[in-house]
Amino acid sequence: LRTCAIGLPVMVGLFLLFPRIAPLWGVPAETLGRTGLSSQMAFGAMSEIASDDSIALRLRFDNPGNVPPPPEARYFRGPVLGFFDGRLWTTNELGYAGAADPLQLLGTPLGYEITIEPARIKALPLLEMAPGAAGSGLEAGGVSVKRGPELDWVAARPIAQRLRLNTSAYLNYRAGPLDNSLALQSNLTLPPSFNPRTMEWAAAFRKQRRFADLDEDNLAEVLAPAVLEYIRTNDYSYTLAPGRYGETTKHVIDEFWLDRRLGFCEHFAAAFVVVMRSLDVPARVVTGYQGMDPEPVDGYWIVRNSNAHAWAEYWTPARGWVRADPTAAVAPGRVLQGQSLRAPAGAFAGALNQLNPALWANLRASWEAVNNRWQQLVLNYSREDQFNLLKSLGVEQPDWLALGRLGAAVIALLALAGGVWTWWGRRPRDAWTRQRGRVLRQLQRWGVTEAAAHQAPRRWAALLSARHGAAAAPAAALLVALERSRYAVVTTPSTWLARRRWQADFHRAGRMLRHQPERI
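Each residue of the sequence shown is one higher than the one before, counting from 5 in our numbering.
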C-alpha cells in the first residue's frame, strides 16, 4: 500500500503531462478478418457486419433534450461505391472520373458530438450532410480527414484509433452537378456481359405506357419511385440469411432480382442501382450506418455495427443526388424504427434476456456507459486535452515548452513529497523506540563506541560499567530500568513528563562520568 501511495501520484502526473507523440509506425496488418464498414461491397459482406452488435458510434446532440434527427434522416455517410465489375462494388481509388460534387446546404445545422470507434478503414462516417466542400479537411484526434469528391470523408490511411469531434449536419441539402455532364458517366456504366435478364427487364419496364411521355428532365423523378413500388409489391423479403449468391452463375443481380428475391440491404441497394443505370439514370451505392438507439445511462445515442447499412443515390436535374433506400420499401421498420437484424445472443445473455429482458438491457447499458467513460477520460486523453488543462491552470498560450516546465515542476514536487514520505515512514513509531535511539547516540558521544543499535539497553549498561566501573552504576541502573519499562506490565501509562525525567536523570549520571577516569 505504501508503494502504491507513492507511485500513484507519479503515475497520474506523468499521465496528465507527459507529451502525447504520434505513433512512428503504421498499423500492423491483421491476420483475422474484422466486421465493419469496408471500401468495397459484395453480396454477403453486409450480413457479416449485421452480426456484430458492438458499438460503432456515440452521439450527443447540441440542443435542449439531446433530440436526434427524425428516423428517416439518421443516415451516416461512409464509403460511396460507384464502380461495379459484375460482382464487387468498390470506391474509385484512382481518382474521381469527373468534377467533384458541388454541395448546397439548406436550413439550420444540427450540431452534435460524435465518438467514432476504430474501424480500420479510410472513411469517416458522419451524419448526412456534414458541411464542407470537396477537398476541405477537418482534424480529429490528430488524424487529418479530407472530403472526397463524392462527399464522403476520407483519411490518408485506415483509421485505427478512437476519434471524437464536434461537428454539424444539414438535413436539407442539394448535392451533385446541375446537368448530365461527364461527371455522371461513371455512374451510368455497367459491366458488359453481366446480368442480361435484369437489363431486359429494365427495358421492358421502361416501355410501359405510363412512362411513354417522359422526357429527360423528369425521367428519374418518375422511374425511381416506380422501381421502389415494384420492390414493395412483388414478394421481396428482407433477411439476414439469404444464402449464397453466384454459386451457379456469375449473374448475381439476375439471381436476386428475378429469381430468389431474398436479401439484405446490400442486395437491394446494388440491384436498385443496376436497374436505375439500365434505365439510363445515374446511380450509385452508398454505405454507412442507419438508425440509432438511446443510451439511458449516460445520455448518448448509440449506433452499433449492426446498424451498418447500404442505400442508393440517383441523380435528377432538379435535385441532384437523391437518397433512395430500397430496403425501406420491403422492410420499413429497418429505417423508421431503426430495427437492425442481429445475430442470436450467447447462451448466458440469451437465458438472462428470456428471464428478464429489462435487466439484461440495463446491465448492458451500464457496462457500455462505464466503458465509454473509461474511453473518454483515459484512453482518449490527447494533446488537446493536455493544452486545455494548461489553459485551465492559467497558461494563456499553451505549448510544448509550457507543458514540459509544468511536468518537470510536478515531477520534482512529487519526488520531494515521496522523499519526505519515505523519511517519515522510517521514523520510530513509538516513544520508547525513539528514546532508545537518543540514548544510543548519547552513549556514543560519551565514548562507548561498542554500543550498537541491535543491542539491548542491558548490554549497553554492561559496556558502560566495564568502561567506568562503579561510577557508571547510576547510569547503568537507568539503562536497566529503561529495558524493564519495555517489557514490564504497565499499570500506569508512560507519560511524556516521565520520559523527560528519566532523560534528565540519565544526563546527570553521564555528566558525573566525565570527571571519572576510564578503567583500563
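Note that the Cβ used here is the ideal one computed from N, Cα and C, for glycine as well.
Boundaries of the beta strand (DSSP E) around T119: 114 to 120. A contact is defined here as three or more CB-CB pairs under 8 Å, and the stretch 157 to 174 meets this definition with respect to the stretch 130 to 146.
Inter-residue distance for A457 and V443 is about 10 Å (C-alpha atoms, whole angstroms). Boundaries cannot be given for V399, as no alpha helix (DSSP H) includes it and DSSP labels it neither H nor E. Between N199 and G86, the CB-CB gap reaches or exceeds 7 Å. Taking the CA atoms as reference points, A460 sits about 7 Å from E487.
V301 carries a coil assignment under DSSP once its states are collapsed to helix, strand and coil.
With the rule of 3 Cβ pairs closer than 8 Å, the stretch 317 to 327 does not count as touching the stretch 252 to 264. With contacts defined as CB atoms closer than 7 Å, P195 and D284 fail to qualify as a contacting pair. In the DSSP assignment, A144 is bridged to V147.
The continuous stretches of beta strand (DSSP E) do not include E259, and DSSP gives it neither H nor E. In the three-state scheme derived from DSSP, where H, G and I count as helix and E and B as strand, S197 is classed as coil. Nearest C-alpha to H271 among P229, D329, L227, W305: D329.
S489: member of the alpha helix (DSSP H) spanning 477 to 491, first to last residue.
In the DSSP assignment, I163 falls outside any alpha helix (DSSP H), carrying neither H nor E. Per DSSP, the continuous beta strand (DSSP E) segment holding W319 begins and ends at 312 to 320. The Cβ atoms of W506 and L483 lie no closer than 7 Å to each other. A Cβ-Cβ separation of about 12 Å leaves A314 out of contact with Y242 under the 8 Å criterion. Contact between the stretch 220 to 235 and the stretch 59 to 67 is absent: fewer than three C-beta pairs spanning the two stretches fall below 8 Å.
Annotated three-state conformation of V326 is strand, per DSSP. Assignment of Q189 by DSSP, reduced to helix, strand and coil, places it in the helix class. The straight-line gap separating the alpha-carbon atoms of A481 and A412 is approximately 55 Å. Take G82, set aside five residues on each side of it, and the residues of its chain with a beta-carbon closer than 6 Å to its own are L41, A127, P129, T291, G292, in chain order. L262 and T331 do not touch by the CB rule: their CB atoms are close to 19 Å apart, not below 8 Å. Between D66 and Y116, the C-beta gap is smaller than 7 Å, which places the two residues in contact.
Straight-line measurement puts the Cα of W205 at about 47 Å from the Cα of A144.
The C-alpha of S43 is placed about 18 Å away from the C-alpha of Q165. In the three-state reduction of the DSSP assignment, G441 falls in the helix class, which pools H, G and I.
Straight across, the Cα-Cα distance linking M280 with K150 is about 30 Å. Look at A159 here: in three-state DSSP terms it is strand. Straight across, the Cα-Cα distance linking R248 with F209 is about 27 Å. Closest in C-alpha terms to A46, from the list G141, T237, A275, D105, comes A275.
Within the model, the alpha-carbon separation for D434 versus L501 is close to 15 Å.
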